[in-house]
Each structure stands twice: as structure tokens, then as C-alpha cells.
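Chemist: I'd like to ask you about the structure that follows.
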Amino acid sequence: MNVITDSVEISTRGHTDIIDITPQLEQALKDSKLKCGNLTVFVSGSTAGITSIEYEPGLLKDLPEAYDKIAPTGVTYHHDAAWGDGNGYAHVRAAMLGASFTVPFDSGRLLLGTWQQIVVIDFDNRPRRRNIVVQMLGK
1 MNVITDSVEI STRGHTDIID ITPQLEQALK DSKLKCGNLT VFVSGSTAGI TSIEYEPGLL
61 KDLPEAYDKI APTGVTYHHD AAWGDGNGYA HVRAAMLGAS FTVPFDSGRL LLGTWQQIVV
121 IDFDNRPRRR NIVVQMLGK
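Written out as C-alpha cells, the structure is:
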């Protein structure tokens, strides 16, 4: 088995910005020359997360609306009292989503569903530059 670690840099707008990173992951897998194994993607930082969705206009509205119900902005969070940065909601949302996602690959292709893409969701209250770690384990 081989382990190859790569990274992808993205810019986000914050405020539950949803970025499709599937093309960058497919390119990283192609560049690795690995054929079979697992690809894990991890977002560095505590105010963003990674998941898979069908990247379409309806869900790009539905997800932020759902997060607004679960961990709304405009309410008091203990984190905000400690740091004064006003992004307590972003930390709660990111912790609920999770910072990593793993997908198997075979024949050099990610085994995603037809309508499934891998996305980074940046919940912070400002634009950010995010480092996405891509680690592939396979042969």
C-alpha cells in the first residue's frame, strides 16, 4: 500500500459558502497514479466542514437554511463571549458536520454516486483561504 498526501487551496466567502471540490479531488487521484484504495479529504480549521451532496441550486439554498435553524446566527454563544469574534455559530455548525470525508476509489475513479459531489462548507463569518488536505491510501 502507498500513502500519498496532497493539498488543495480554495477561497471561500464564509457564511455557509458551499464549494464543490470534486474536480480537484479527481485530479489529485489521477496525479497519484493510484488505482484502488481510499481517499480522505480533511479541511484544516474549526469553522468549516466536508460532506457530500447533490450540488444543485435547491440544495445550495436548503443546506444554509437548515443550518440557520440548527445553529442560528444572531444569538449569543459562549465562544463569542470568550473570543469576541462573533463566529460561535460557525464552530457549532462545523463540529456537527465534521472536518473529514472518505470515499473509496477503484480503477482510478472515485466511487461516488451519479449525483454525488464532495463539498466544503465554510461557516465562518468572513471570507477565508482554506487548505484542504487530500490523503490517498491505495495501490
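Note that the sequence shown covers residues 1 to 139 in UniProt numbering.
In this text, a Cβ means the ideal position worked out from N, Cα and C, and glycines have one as well.
1. Residues in the same chain with beta-carbon distance under 7 Å from residue 126, minus the five sequence neighbours each way, listed in chain order, please.
2. Under the three-state reduction of DSSP, which class applies to residue 145: helix, strand or coil?
3. Name the two residues that bound the continuous alpha helix (DSSP H) containing residue 22.
4. Would you mind reading off the limits of the beta strand (DSSP E) that contains residue 14?
5. Closest by CA to residue 44, which one among 85, 118, 8, 60?
6. Verify the CB distance criterion: does residue 78 have a CB-CB separation below 8 Å to chain D?
7. Run through DSSP, which three-state label would residue 96 get?
8. Got a sec? Which residues, its chain only, sit under 6 Å from residue 135 by beta carbon, not counting five neighbours each side?
Modeler: Here's the rundown:
1. Translated into the one-based positions of the sequence shown, residue 126 becomes position 126. Cβ within range, chain order: 14.
2. No statement about residue 145 is possible, as the shown extent of the chain runs from 1 to 139 and does not include it.
3. One-based indexing of the sequence shown puts residue 22 at position 22. That run of the alpha helix (DSSP H) goes 22 to 32.
4. Along the sequence shown, one-based indexing puts residue 14 at 14. Note, residue 14: premise wrong, no beta strand (DSSP E); not H, not E.
5. Translated into positions along the sequence shown, residue 44 becomes position 44. Answer by Cα proximity: 8.
6. Although the question refers to chain D, the structure presented lacks it and comprises just one protein chain.
7. In the sequence shown, the residue the question calls residue 96 occupies position 96. In this structure, residue 96 counts as helix in the three-state DSSP scheme.
8. Counting from one through the sequence shown, the residue named residue 135 turns up at place 135. These residues qualify, in order along the chain: 5, 40.
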